[in-house]
Amino acid sequence: MMKTTRMMMISEPMIRRGNLGDLEGIEKVENRAFGEHAYDHQALQYMLAIANSVTTVATVDGTIVAYATVYFRKNSSISHLESIAVDPDYQGTGIGKILIREVDRVSEERGCSRIVLETFEKNVSALNLYVRSGYKVKELVLNYYRTPYRGSRNAIRLEKSLD
Ligand SMILES: CC(C)(COP(=O)(O)OP(=O)(O)OC[C@H]1O[C@@H](n2cnc3c(N)ncnc32)[C@H](O)[C@@H]1OP(=O)(O)O)[C@@H](O)C(=O)NCCC(=O)NCCS
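With my numbering applied, the sequence shown covers 17 to 179.
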């Protein structure tokens with residue numbers, strides 16, 4: 017059993033590969049976790065359906081509570097962590113870290129040696145998660161996002177070496 021942020025006990029999450037059939041569950045998590053910054057239905061559908069992506073979902077008692085999607089490019093040893101989100105009711109319970117480990121595993125399996133991602137420069141919880149999980153800050157990317165988060169559209173690009 018795990019503790020949630022509200023200190024109720026929850027079952028251990030199950031980790032499995034996601035697919036288009038999970039769209040509804042992923043969309044719920046996405047909207048609850050990102051609010052106005054959430055990917056819309058079409059974008060999530062694209063993310064799940066394109067050939068060169070792998071989505072991992074975490075479920076608790078059969079319900080999707082978190083997901084992560086990683087993109088791969090042909091002839092590239094760099095994968096891209098496109099999105100990761102944990103339902104607010106389950107944040108802070110270690111599911112983010114579990115998904116990050118799964119992203120590492122999937123990337124290694126595909127022969128990648130590095131993972132790159134971008135996050136809002138003011139997204140402290142995400143930055144903490146990434147740094148705690150072995151990512152290093154690479155650069156600040158000005159005006160990367162269309163909609164500001166806490167007043168900034170800048171992104172921090174981070175990179176993790178899998179060697
Ligand atoms: C960022 C996010 C994925 C983290 O997932 P999570 O399951 O809550 O994270 P975990 O419980 O595995 O915690 C991992 C680390 O993240 C950091 N962290 C998590 N929540 C945090 C918070 N509210 N404040 C500060 N740091 C936090 C901690 O450093 C923690 O490590 P520690 O417990 O060893 O100190 C989750 O908060 C989320 O979905 N946020 C909204 C969507 C988002 O911002 N996604 C990333 C976009 S790039």
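We treat Cβ as the ideally placed atom computed from N, Cα and C, and that holds for glycine.
On a predicted model such as this, the values are computed, not experimentally measured, just so you know.
Tell me the rounded alpha-carbon separation between T75 and V102. 10 Å
Measuring from the CB of R148, is there a heavy atom of ligand 1 at a distance below 8 Å? yes
Return the chain-ordered ranges of every alpha helix (DSSP H) run that is complete within the stretch 41-125 and spans a minimum of 4 residues. 57-65 and 111-125
Is Y165 helix, strand or coil by DSSP? strand
Closer than 6 Å between the C-beta and any heavy atom of ligand 1: which residues qualify, listed along the chain? A49, F50, I100, A101, V102, Q107, G108, T109, G110, I111, G112, K113, T135, N139, V140, S141, A142, N144, L145 and R148
Along the beta strand (DSSP E) that carries S177, what are the first and last residues, could you check? A171 to S177
Spell out whether any CB of chain C is found under 9 Å from the CB atom of Q107. The structure shown contains no chain C; it is built from a single protein chain.
Selected residue, minimal CA-CA separation from S129, among T135, D56 and D120: D120
Beta-carbon gap between L97 and A82 smaller than 9 Å: no
Tell me the rounded alpha-carbon separation between G167 and P104. 22 Å
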